[in-house]
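Colleague:
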Amino acid sequence: MKLVLLGPPGAGKGTQSIELSREYKIPHISTGDILRESVKRGAPLGLKAKSYMDKGALVPDEVVTGIVVERLKEPDAKSGYILDGFPRTLVQAEDLDEALKKIGSGIDMVVYFETSDKIAIERLSGRRVCRSCGFNYHVKNIPPKKEGVCDKCNGALFQRPDDKEETVIKRLKVYEDQTKPLVDFYAKKGILEKVSGDLGVEDLFKVLSKIFADAKLR
Ligand code: AMP
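Each residue of the sequence shown is one higher than the one before, counting from 908 in my numbering.
1. Take Glu1005 as the anchor and find which of Gly1033, Val975, Lys1025, Ser1023 has the nearest alpha-carbon.
2. Looking at the unbroken beta strand (DSSP E) that takes in Glu930, where does it start and where does it end?
3. Starting from Ile974, follow the alpha helix (DSSP H) in both directions and report where the run begins and ends.
4. Using 8 angstroms as the threshold, is the segment 1098-1106 in touch with the segment 1017-1024, meaning 3 or more CB pairs across them?
5. Taking all protein chains shown into account, decide if Ile1010 is buried (16 or more other Cβ within 10 angstroms of its Cβ) or exposed.
6. With a floor of 3 residues, list each beta strand (DSSP E) that falls wholly inside the segment 1021-1100, ordered by position along the chain.
7. Contact defined as beta carbons within less than 8 angstroms: I believe Ile1026 pairs with Ser924. What is the distance between those atoms, to the nearest angstrom?
8. Should Phe1042 be listed as close to the ligand AMP, given that the test is whether its C-beta is under 7 angstroms from any heavy atom?
9. For the alpha helix (DSSP H) holding Leu1007, just list the boundary residues, first then last.
10. Which residues in the same chain as Asp1002 place their Cβ atom closer than 6 angstroms to its Cβ, once the five residues preceding and following it in sequence are excluded?
11. May I have the straight-line CA-CA distance separating Gly939 from Gly992, to the nearest angstrom?
12. Would a C-beta distance cut-off of 8 angstroms place Val1075 and Ile1028 closer than the cut-off?
13. Tell me whether Ser1012 sits in a helix, a strand or coil according to DSSP, three-state version.
14. Assess, as a yes-or-no matter, whether the segment 1068-1085 is touched by the segment 915-934 under the definition of 3 or more beta carbon pairs within less than 8 angstroms.
15. In angstroms, rounded to a whole number, what distance separates the CA positions of Ile941 and Cys1060?
16. Restricting to Cα atoms, I'd like to know which of Val1056, Gln1066, Ile936 is closest to Ala984.
17. Taking buried to mean at least 16 other C-beta atoms within 10 Å of its own C-beta, is Pro1068 buried or exposed?
18. Can you name, in chain order, every residue of its own chain whose Cβ lies under 8 angstroms from the Cβ of Glu1072, other than the five neighbours on each side?
19. Opposite Asp991 in the DSSP bridges: which residues?
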């Protein structure tokens, strides 16, 4: 199945993507992860993207769309994928449509994670990420066994620079202005499903599994 997960930062798209990717055996394609990896490697793309990311602003459309179009050509994306954090603007959504049309493909479903600001802020400001394996924790909701240390690989946990409170508020505003209009865009195409991003990880996974089963997506 070819999925887009849409919703504000802190909606749980990344966490659900990891579970869904495992369950349905399709790749999880997160533009945020790809960009962070380029920053870490000091690649030219990362150098270009970093200043936008640290401010909580969006990286220019052509840069991000280029990354995704290339990624979707990989053999593992032939039978399906989960796009997490892309598209984030109407231009990206239209360019994605065009690129998919050219290869006779299209998105099956867009799942909108409707999430309250209060929950999103609480999740993002408490998030801690493993520097080695990228696993996400939360100081209250998903604490590691030992503070500051990853349960899976013993890597050091850190707070993403863009998870600081003032940047989180900026990211939510950017979402409201630039990404939220995609809800209407995909609703008009008849492929939008709405879920509550305020649900806990396991409850939301159950809701999603039922939606995909009812839609006979696999
Ligand atoms: P995320 O991990 O999805 O919250 O993304 C982290 C940051 O990467 C965002 O705040 C943006 O600066 C950048 N980014 C990720 N995806 C996109 C996108 N589709 N368009 C523009 N910028 C993006």
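All residues carry an ideal CB built from backbone N, CA and C; glycine is no exception.
Values in this document were obtained by computation on a predicted structure and should not be read as measured data.
Modeller: Once the coordinates are examined:
1. In the sequence shown, residue 1005 corresponds to position 98, counting from 1. Among Gly1033, Val975, Lys1025, Ser1023, the Cα nearest to that of Glu1005 is on Val975.
2. Numbered from its first residue, the sequence shown carries residue 930 at position 23. Counting along the chain, Glu930 falls outside any beta strand (DSSP E), though it belongs to the alpha helix (DSSP H) covering 920-931.
3. For the purposes of this step, residue 974 is taken as residue 67 along the sequence shown, with counting starting at 1. From DSSP, the alpha helix (DSSP H) with Ile974 extends over 968-979.
4. Taking 8 angstroms as the limit for Cβ pairs, the verdict is that the segment 1017-1024 does touch the segment 1098-1106.
5. As a position in the sequence shown, residue 1010 is number 103, starting the count at 1. So Ile1010 counts as exposed.
6. As far as the segment 1021-1100 is concerned, its whole beta strand (DSSP E) runs of at least 3 residues are 1034-1037, 1043-1045.
7. What you label residue 1026 is simply residue 119 of the sequence shown in a count that begins at 1. What you label residue 924 is simply residue 17 of the sequence shown in a count that begins at 1. Cβ-Cβ separation between Ile1026 and Ser924: approximately 18 angstroms, too far for a contact (criterion under 8 angstroms).
8. Against the sequence shown, residue 1042 aligns to sequence position 135. No heavy atom of the ligand AMP is found nearer than 7 angstroms to the CB of Phe1042.
9. Position 100 of the sequence shown, counting from 1, holds the residue named residue 1007. Where Leu1007 is concerned, the enclosing alpha helix (DSSP H) stretches over 997-1009.
10. In the sequence shown, the residue the question calls residue 1002 occupies position 95. For Asp1002, where only same-chain residues beyond five positions count, the Cβ hits under 6 angstroms are Thr972.
11. Against the sequence shown, residue 939 aligns to sequence position 32. Against the sequence shown, residue 992 aligns to sequence position 85. Distance between the alpha carbons of Gly939 and Gly992: 7 angstroms.
12. Residue mapping note: residue 1075 aligns to position 168 of the sequence shown, counting from 1. Residue mapping note: residue 1028 aligns to position 121 of the sequence shown, counting from 1. One thing to note: Val1075 has its Cβ within 8 angstroms of the Cβ of Ile1028.
13. As a position in the sequence shown, residue 1012 is number 105, starting the count at 1. When DSSP states are grouped into helix, strand and coil, Ser1012 belongs to the coil group.
14. Result yes; three or more Cβ-Cβ pairs closer than 8 angstroms.
15. For the purposes of this step, residue 941 is identified with residue 34 of the sequence shown, where counting begins at 1. For the purposes of this step, residue 1060 is identified with residue 153 of the sequence shown, where counting begins at 1. Taking the straight line joining both Cα atoms gives about 21 angstroms.
16. By 1-based counting over the sequence shown, the position of residue 984 is 77. With distances taken between Cα atoms, Ala984 lies closest to Ile936.
17. The residue you call residue 1068 lines up with position 161 of the sequence shown. It counts as exposed.
18. By one-based count along the sequence shown, residue 1072 stands at place 165. Excluding sequence positions up to five before and after Glu1072, its CB lies within less than 8 angstroms of the CB of Ile1028, Ser1032, all in the same chain and listed in chain order.
19. Your numbering for residue 991 matches position 84 in the sequence shown. Answer is Leu912, Ser937.
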